[in-house]
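With the first letter of the sequence shown counted as 1, position 160 gets the number 156 in my numbering; the numbers rise by one all the way through. Yeah, the Cβ is synthetic: ideal placement off N, Cα and C, and Gly gets one too. One structure is given here, and the rest of the page talks about it.
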Amino acid sequence: IFWNPANLQRMRAFDGFASGGPLAFSPDSRVLAEADGNIIRLRRAQDDIVLAELIGHTSSLTALAFSPDGKTLASSGLDKTVRLWDLAAGRPRRVIPGDHAFESVAFSPDGKVLAATQFEGTVLLLDPESGETLQALGGTKARVPQVAFSPDGKSLAWASHDGAVTVW
């Protein structure tokens, strides 16, 4: 269901969406990425036309995030990988392995850093171009299901299942 934030009216309900899976809008709001198990569907938001299916994860997906320029989609999964999808080519540009399953991903506003959280509480700051880990942040042994950059990119916040919110 799409809502118009100006008047909170129901705009459109699409059939065939997975229930409860991760979703992400492209920066221009024209494409909606939807996770269905280990498959990502890219749908044209205006009319629900499936534009592409991205297949590569071997387990359920946990999060999706578009890069600020809309050219890359980051996906994380229970298969202990983060995949950076080249949307023009429809295939992974980079696969970043982890020691644990990943739970969430978020791009910095300039697109130069990707934050990815792992189930055991580590927040990784990754270079989306090289896939290299720039920094590993700890602080909790609880799962970290949410991560977000501030709009100016100077702060990163994450929420963990132990009830804590950390701002770095």
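- Message: Which of the three DSSP states is assigned to Trp164 in this structure?
- Response: For the purposes of this step, residue 164 is taken as the residue at position 168 of the sequence shown. Correct three-state label for Trp164: coil.
- Between the segment 35 to 54 and the segment 95 to 105, are three or more C-beta pairs nearer than 8 Å? no
- Message: Count Cβ pairs between the segment 18 to 31 and the segment 107 to 122 that sit closer than 8 Å; are there 3 or more?
- Response: no
- Message: Run through the DSSP bridge pairs and tell me what Gln114 is partnered with.
- Response: Taking the first residue of the sequence shown as position 1, residue 114 is located at position 118. Note: Gln114 sits in a beta bridge opposite Phe98.
- Query: Does DSSP put Thr59 in a helix, in a strand, or in coil?
  - Reply: Reading the sequence shown from its first residue, position 63 is the one you call residue 59. Residue 59 is actually Ala in this sequence, not Thr. Here Ala59 sits in strand by DSSP.
- Item | Range covered by the beta strand (DSSP E) that runs through Pro18 | Taking the first residue of the sequence shown as 1, we reach residue 18 at position 22. Pro18 -> no beta strand (DSSP E), and no H or E assigned at all.
- Per-residue burial, Pro18 [other beta carbons within 10 Å of its own, 16 or more giving buried]: Position 22 of the sequence shown, counted from the start, is the residue given in the question as residue 18. Pro18 comes out buried.
- 9 Å Cβ cutoff met for Leu38 and Leu80: By 1-based counting over the sequence shown, the position of residue 38 is 42. By 1-based counting over the sequence shown, the position of residue 80 is 84. At the C-beta level, Leu38 and Leu80 stay beyond 9 Å of one another.
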